[in-house]
Structure formats: structure tokens, C-alpha cells
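This report refers to the structure that appears directly beneath it.
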Amino acid sequence: AWQAALGQLQMEMPKASFDTWVRNAELIRVENNKARIGVQNAYARDWLESRLAGTFARLLTGYLDSPVEVEFVVWHRDAEHESAAPSEIVSHSNGNGNGNGNRCLIDRYRFDNFVVGASNRMAHAACVAVAEKPAHAYNPLFLYGGVGLGKTHLLHAIGNAATEKGLQVLYVSSEDFTNELINAIRTQNTLAFRERYRSMDVLLIDDIQFIAGKESTQEEFFHTFNTLHNQEKQIVLSSDRPPKAMVTLEERLRSRFEWGLTVDIQPPDLETRIAILRSKAMRAGREVPMDILTLIARQIQSNIRELEGALTRILAYSDLSNQPITAKLVEIALADLLPQQSTVEPGAIITAVGRVFGVSREKLVGRDRSREVALPRQVAMYLMREIGGLSLPQIGEALGGRDHTTVLYACEKIADQIERDDRLRRQVLNVREQVLGR
Ligand code: ADP
Ligand code: MG
């Protein structure tokens, strides 16, 4: 039925679309009138879901002679399991009471495909050291940084390396930990729960910030931590913020988190973003000109997940339209990734800049040219253009009647400076997040 359905689709669809989206899809199984179709990546999944779910359902229903619904999942044929979607990973870590956690590791997160740059050099080195000598380098290792900067990747890389040494490794998010604990309490299985966690050589807990404020989870984790640490077992934690910024974390846990080494990951600079794009394009077997990589890297600044998404999208557009990857194509492919114009008010940008830089609105729109005011004012101009989509004269207007050449100068200066000045880049990202709410 599957082959027949594919054959039918091949006749109905343009060849390029079929080759890109459908050819490599596979029927994983049909169960309870649900057909699970595996595809290579999340982008293909979304594309198929929005355009072809109905068609697949219709065709399969016809060939199977019974009504089916279809569901697309990201799936790698060579891996044992369907991976990568967080909800599916949870199901692997739950309920296998044999004490073996290794199956929750994502195979493709490895050191050798992690691009090292100034922003993550320390974190990478610390993780490599821990993977080489678990419990004898830094214990615990506490990794923190914003979303999409590679924390989960590094945790799995440690896990994969340690597994290859024959060690027992368990990777969980702190939410899994909490849920499993709650389950264990409910089913009176806390002994098995403890046994499972405390028998690991390497325990990797992702996004530990979520245990803050949860008393019983903190209590249990405290004991797990102590047991493992006393037995010289490695603990690695990741978080979106440093221990001292986890406000509702118990003091005794905070101090333990700081026993070993705490390292941060910063947003990548331009050079690293280009290197990451180049490495991803190469792995996808694609030749992308340097100026195009630079163009993408300049537009996507905040995190690496978005960078990857942008590249995947551009490659897909190029395949689908059968066109080479040009600046024009990049612009079209990324158009809907970039923020909507009308939703950002210049006033909101001024307020957020004022808050982040500690300068009043009056000063920002006023005449003061001292650096403490001029720099934030230039940042406001830059962001009004970048995320507000305002024209140069509109920006000049919003900031107390400034000339458009002044605005243009400011925009270019800030664009250039955030590539070199980490602190400024963080401040600008901070304003962006406040304005866009993400
Ligand atoms: P976090 O856990 O910090 O939110 P992730 O580890 O999930 O971030 O990273 C997001 C995506 O970016 C992943 O697909 C990861 O493989 C990729 N990534 C992050 N940092 C790097 C890097 N330095 N080199 C290559 N890929 C990276
Ligand atoms: Mg993560």
C-alpha cells in the first residue's frame, strides 16, 4: 500500500517537491488506524503535515481499505529508535526499570560535530575533560547559558563518549527527573527510583533550573547528588542561569552546584556562526558560497538552533524551486523567520533600551551626547530598524527629531560593534527579548 501510495503521489506532484519531501519518507507502522510516517527532519515534517497530511490519509485509506489518520515524525532509519523530539525521548527514559539509561542519548550530538569558538571554548574544554576523566576533572560540572547555545548538545556528547568507555550513563531533563520521582512516589517505587539513579557512573541532568521551587524534588536530588558524589561518580548539570541566580534554590544545593566547575556559554560571534553554518552545510553535503553563509550569519544572531533552522529552510527552498542559493533566495526563505513589522512599537523599544541600559526616556530622545546616553540611543535606532522595520526618517522622528544620516550611521555602527563587543551584544539581545517577548 505504501509503495502504491508513493507511486500515486509521484504522479500527482512536481518532481522537485516529491524528491525533496516524499521520496525518503517511510511508513513506520499502522496501528489503531493511525499511520506513522517517518521523515528526516523537523522541517520536512512540518511541510508534509501542513500540505500533504490529507492526501496521505486519503491515499492510504484507499489502499488499506480502512480509514487511517496520518502522523509525521522525525525518524532516523539507522538509529534504533525515533529520536530528537523531546516528548519521545521522555518515553525512552521512563519505565525501563533495568537501570540502563544509555538509550536516551542522542547519537548525533558529539564532540566532533560541535564547532568551537570564543563563546563556547571554555565550556567545550570542560566537557571534554569530564568525558575523558569522569569524576576526576570537575565534579559537578555546571554549564549555563541561554537557549539554543549547545548545552544539551554538550551533555549528550559527554554521555556518548562515556558510554563508549563502557560506563553507565543516564541523561534526563530535570522535568523527567521530577516526573519519574512523582510516579515513583505514587506507585510506591521510590526504592527502584533511587537505585536507578544512584547506580550510574555519569548522571547528566539538563535544565536543572526547573527544580528550583520544587521542594520534594530538591530533597530527593540532594540525596542523589550526595550519594553519587561520595562514590566518585560524575554529575553534569545544565541550566539557563548560574547557581547564584536560581532564586528559589535551596542553599545547600546551590553550594553543591558550585563545588566543582561552573562555566558559561555565550551567544556565538559572527565568525563562529559562520563556522557552524559551514559545518552544517558540509554535513548536509551542500556547497554554499561564503558570502551567503555570512549573510545568514549576520541575520540570525541570537542562537544556534535558529541558525540551523534558517539553513535547513534555505536549502529546502533552493531544492524546491530548483534555484541556486543566492542572496535573493535567502531573503525570501528567511522572510517569515524575521519578526513581523507592525507588531513592534518604537515606544516599546525605547522603554526596553531604557531599562537595560538604565537611561530615562527623556534622555534617550533628548540632546545629551555623552557616551552613557549616546550608545543606548544608537542601540534604540538600530533595533527600530532591525526589528521595528521603521524607515530612517521614522526612526529619527521617534528619537526626538534626528537626521536620517545620523540614524544610518548609528545602525551601521551598532551592527558592527555587536560582533566584537560581547557585553553590548548581550545587552542588545536582552532588549530584543524584552520587546519581542522571546
Ligand atoms: P541548548 O540546550 O543550550 O538550548 P542545544 O544543545 O539544544 O542548545 O543546541 C541547539 C542546536 O544547535 C542543536 O541542534 C545543536 O546541535 C546545535 N549546536 C549548538 N551549539 C553548536 C556548536 N557549537 N556546533 C554545532 N552545533 C551546535
Ligand atoms: Mg537544551
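Heads up: the sequence shown is residues 6 to 443, going by the UniProt record's numbering.
All C-beta atoms, glycine included, are put in the ideal place defined by N, C-alpha and C.
message = Quick check: is any heavy atom of the ligand MG less than 7 Å from the C-beta of T157?
response = yes
Is L320 near the ligand ADP - that is, is its Cβ less than 7 Å away from at least one heavy atom of it? no
* Is I330 near the ligand ADP, judged by its Cβ being under 7 Å from some heavy atom? -> no
Checklist entry - Where do the N-terminal and C-terminal ends of the alpha helix (DSSP H) with V361 fall, by residue? => result 351 to 362
Chain-order list of residues whose beta-carbon lies under 6 Å from that of E377 (same chain, five-residue window excluded):
none
Near Q13, what residues of its chain come up, given a Cβ to Cβ distance below 8 Å and the 5 sequence neighbours on each side ignored?
L64
Sequence-distant residues of the same chain with beta carbon closer than 6 Å to A134, five excluded per side:
A142
field: Alpha carbon of I281 to alpha carbon of Y202, nearest angstrom
entry: 35 Å
Checking the sheet assignment: what are the DSSP bridge partners for I240?
L208
key: Per-residue burial, M16 [other beta carbons within 10 Å of its own, 16 or more giving buried]   = exposed
Just the Cα atoms here: how many angstroms apart are L275 and R374? 29 Å
Out of H409, G153, R113, which one is the CA nearest neighbour of S243?
G153
DSSP on G12, reduced to helix/strand/coil? helix
| said: Looking at the ligand MG, does it come within less than 7 Å of D211, judged from the CB to the closest heavy atom? | reply: yes
Neighbourhood of residue 451 by C-beta, 6 Å cutoff - its chain only, sequence neighbours within 5 removed | The requested residue 451 is not part of the displayed model; the chain covers only 6 to 443.
Which of the three DSSP states is assigned to I309 in this structure? helix
Option in W26, R115, I337, G150 with minimal Cα separation from residue 1: An answer regarding residue 1 cannot be provided, because it is not within the stretch 6 to 443 covered by the chain.
Going by the beta-carbon positions, is the gap between Y68 and A6 smaller than 8 Å? yes
* To do: Enumerate in chain order the residues of its own chain whose CB-to-CB distance from E424 is below 7 Å, with the five nearest sequence positions on each side excluded.
  => D274, L275
Any contact of the segment 348 to 368 with the segment 381 to 397, i.e. 3+ C-beta pairs under 8 Å? yes
Can you round the beta-carbon distance between A315 and I330 to whole angstroms, since I take them to be within the 8 Å contact cut? Incorrect: roughly 12 Å between the Cβ atoms, too far for contact.
Length at least 4, wholly inside the segment 147 to 176: the alpha helix (DSSP H) runs in chain order:
156 to 169
Could you spell out where the beta strand (DSSP E) holding K368 opens and where it closes? Careful: K368 lies outside any beta strand (DSSP E), inside the alpha helix (DSSP H) at 366 to 370.
Whole-Å CB distance - G155 paired with T277, under 8 Å assumed: Actually they are not in contact, since the Cβ atoms of G155 and T277 sit about 10 Å apart, beyond 8 Å.
Can you tell me whether residue 1 sits near the ligand ADP, meaning its C-beta is under 7 Å from at least one heavy atom of the ligand? Residue 1 is absent from the structure shown; the chain starts at 6 and stops at 443.
_Which residue wins for smallest C-alpha separation from A166, given the options D117, I210, V177, T195?_
D117
Endpoints, the beta strand (DSSP E) within which D117 is located: D117 -> no beta strand (DSSP E), and no H or E assigned at all.
Check whether the segment 317 to 336 touches the segment 358 to 370, taking contact to mean three or more Cβ pairs, one atom from each stretch, closer than 8 Å. no
* DSSP on C373, reduced to helix/strand/coil? -> Going by the sequence as given, residue 373 is Asp instead of Cys. If DSSP states are grouped into helix, strand and coil, D373 belongs with coil.
**Three-state secondary structure assigned by DSSP to K285** = helix
Contact test: L434 Cβ vs the ligand ADP heavy atom, cutoff 7 Å:
no
**Asked** Taking the C-alpha atoms as reference points, what is the distance between M127 and V268?
**Response** 7 Å
In the DSSP assignment, the alpha helix (DSSP H) including D296 goes from what residue to what residue?
295 to 304
N- and C-terminal bounds of the beta strand (DSSP E) containing K39: 39 to 44
| Spatial distance of P381 from R115 (CA atoms) | 40 Å
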